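Protein chains in written order, with this note's numbering: chain A, 1 to 225; chain B, 1 to 225. Remarks on the structure that follows.
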DNA sequence: TATCTTAGCGGACTGTAGTCCGTTTGTCAA
DNA sequence: TTGACAAACGGACTACAGTCCGCTAAGATA
């Protein structure tokens, strides 16, 4: 398994760059026109099938057949269902990611480092609420898979949490003996999609309750005053 | 998806009772002798194969072939690999579960409710360290699956955390406005096997660091004195 | 326009999960 | 001991994931 430590530098830029962008800059030839067409067709078909039958129920074979392409072609574009989900999430994600990266715009600028950490939590939970159907398959087995996009997506989120935590500690708002590295993962755990779905659907907690809950945990590491 | 709320009463007794015990008390006829033999053979073969090739690599088909039984027979006993892992975990689990249920013996009696919560964390992490290879397949997709044993195992752990948290709040050691229900899930999240494996293997945190980390989080909800 | 190169295509193929159902056999009652 | 019955067996079968590799045609070159 890859060790993600210290890869922050390479990962961050990827956040604001789509895989397509990267490919174009790395490769000599552009993608062939039929390949572009097929990619679009796959995404279109997948989107429709997911909407109709639910992500879980749709098989890769079904997608290939519906799109009238061979399985080889499908797998050339997306090596498993999660990658397809990730691609469908791209548009939505970008807005979210830019928001986080920009420091949450005006709202973020008006508050402290700790405030931005809270904003990060709220936005993450909102994002999960809106996209959990695609997020689960997109991230499952993230640590086991060796899929680059998935690792990047996961590591990016982790890094953002780490940065915000570090800032909050540096600004003196959090206890200085905090194990930031552990807390980063703990935060990722609390904001994990599996836990989210369990809490929302099996336990029935509301979005606001989840936000308040994470906040309550974070309040615990705040410098006592 | 099942709502687990309020099922505490039925779940707790199951913890100290093996599936076999339950079957015996519920059914008229005892299990047929050839069935008992086959079950033992399957467990034996699975244990050996898991040890030799790693749980991930071993397939259900391979287990059936090695045990010289039909696939139907295998699936009659264990409907998927995780159930097999759960069965193999039974012995080890029981010691752990009894320990928790007994209130951590002498050590638990000498300390406070909060102390027992910390003990619970430590023991859980130790347990994961020893059994993660079987625990991951045993619990994966726990929320999605409708497997009874799995739900019981998961819900039992959740309940124990809830009880210990409640006691700690009742004894005045934790902030009284704590959202216990949320915190229960959060604790489950922090003690989740997926996060554990990620932190241990991908990030490389030590067992002691994990214990200390969870404790740091819990210290945050402790009544300030 | 003709030729060449190779990215991309597609479907046959392999391996696994999991089901189905006709057959076998352990157990119990007479 | 025998017959009846259901529990248990087992392997053929279906469905899906994912790979492989020979073929097709896009588009670069001249």
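The beta-carbon is built from N, C-alpha and C at its ideal position, and this holds for glycine as well. All figures in this text were calculated on a predicted structure; none of them were measured in a lab.
**Contacting positions in the stretch 181–202 of chain B - beta carbon closer than 8 Å to chain A** = 181, 182, 183, 185, 186, 188, 189, 190, 192, 194, 195, 197, 198, 199, 201 and 202
**Prompt:** When DSSP labels each residue in this structure, what does residue 85(B) get in the three-state scheme?
**Reply:** helix
**Cβ-Cβ separation, residue 120(B) to residue 152(B) (assumed contact under 8 Å), whole Å** = Distance from residue 152(B) to residue 120(B) at the Cβ level is roughly 18 Å; contact not present, criterion being Cβ atoms closer than 8 Å.
**Item:** Below-9 Å beta-carbon distance, residue 219(B) vs any chain A residue
**Value:** yes
**Request:** Mind listing the chain A neighbours of residue 205(B)? Cutoff is C-beta to C-beta under 8 Å, in chain order.
**Result:** What residue 205(B) touches in chain A: 181, 182 and 185.
**Request:** Please confirm whether residue 50(A) and residue 134(A) have their CB atoms less than 9 Å apart.
**Result:** yes
**Message:** Quick check on the DSSP output: the alpha helix (DSSP H) that includes residue 123(A) runs from which residue to which?
**Reply:** 113–139
**Message:** So residue 209(B) contacts chain A; which residues on that side make the cut at Cβ distance below 9 Å?
**Reply:** 179, 181 and 182
**Asked** When the Cα atoms are used, what is the spatial distance from residue 55(A) to residue 84(A)?
**Response** Straight-line measurement puts the Cα of residue 84(A) at about 10 Å from the Cα of residue 55(A).
**Item:** Sequence ranges, alpha helix (DSSP H) only - wholly within the stretch 164–201 of chain B, length at least 4
**Value:** Note on the stretch 164–201 of chain B: whole alpha helix (DSSP H) runs with a minimum of 4 residues are 180–190 and 193–197, in chain order.
**Asked** Residues in the stretch 107–132 of chain A with C-beta within 9 Å of chain B's C-beta atoms, listed in sequence order?
**Response** none
**Request:** Name the one or two DSSP bridge partners that residue 222(B) has.
**Result:** 174(B)
**Request:** With 9 Å as the threshold, decide whether the Cβ of residue 212(A) is near any Cβ in chain B.
**Result:** yes
**Prompt:** So which residues of chain B does residue 224(A) contact, with C-beta pairs closer than 8 Å?
**Reply:** 224
**Sequence-distant residues of its chain with Cβ nearer than 8 Å to residue 103(B) (five each side left out)** = 109 and 116
**Prompt:** Which residue's Cα is closest to the Cα of residue 201(A): 171(A), 158(A), 132(A) and 80(A)?
**Reply:** 132(A)
**Message:** Rounded to whole angstroms, what is the Cα-Cα separation between residue 181(B) and residue 162(B)?
**Reply:** In this structure, the alpha-carbon of residue 181(B) lies about 7 Å from that of residue 162(B).
**Request:** Return the chain-ordered list of same chain residues with a C-beta closer than 7 Å to the C-beta of residue 206(A), the five sequence neighbours on each side being excluded.
**Result:** none
**Request:** Tell me whether the beta-carbon of residue 189(A) lies closer than 9 Å to the beta-carbon of residue 88(B).
**Result:** no
**Asked** Shorter than 9 Å from the beta carbon of residue 3(A) to some beta carbon of chain B?
**Response** Note that residue 3(A) has pLDDT 34, beneath the 50 cutoff, so the model's placement of it is unreliable and no number is given.
**Prompt:** Using 9 Å as the limit for Cβ to Cβ distance, is residue 216(B) near chain A?
**Reply:** For residue 216(B), the closest Cβ of chain A is nearer than 9 Å.
**Asked** When burial is assigned at 16 or more other CB atoms within 10 Å of the CB, is residue 185(A) buried or exposed?
**Response** Counting Cβ neighbours within 10 Å, residue 185(A) comes out buried, since at least 16 surround it.
**Three-state class that DSSP yields for residue 59(A) in the structure shown** = coil
**Prompt:** Looking only at its own chain, which residues have a Cβ that is under 6 Å from the Cβ of residue 41(B), when we skip the five neighbours before and after it?
**Reply:** 67
**Message:** I need the boundaries of the alpha helix (DSSP H) containing residue 80(A), first residue and last residue.
**Reply:** Element bounds for residue 80(A): n/a, residue is neither H nor E.
**Prompt:** Is it right to say residue 150(B) is buried, meaning 16 or more other beta carbons lie within 10 angstroms of its own, or is it exposed?
**Reply:** buried
**Request:** Name the residue from 193(A), 218(A) and 29(A) whose alpha carbon lies nearest to the alpha carbon of residue 178(B).
**Result:** 218(A)
**Request:** Compare the C-alpha of residue 96(A) against each of 155(A), 38(A) and 128(A) and name the closest.
**Result:** 128(A)
**Coil, strand or helix - residue 215(B) by DSSP** = helix
**Message:** Is the beta carbon of residue 187(A) closer than 9 Å to that of residue 125(A)?
**Reply:** no
**Request:** Have a look at residue 199(A) and residue 113(B) and give me their C-alpha separation to the nearest angstrom.
**Result:** 25 Å
**Under 9 Å between C-beta atoms of residue 35(B) and residue 77(B)** = yes
**Message:** Would residue 30(A) and residue 39(A) be called neighbours here (beta carbons separated by less than 9 Å)?
**Reply:** If you check the CB distance, residue 30(A) and residue 39(A) do not come in under 9 Å.
**Request:** Give the secondary structure of residue 205(B) by DSSP, where H, G and I count as helix, E and B as strand, and everything else as coil.
**Result:** coil
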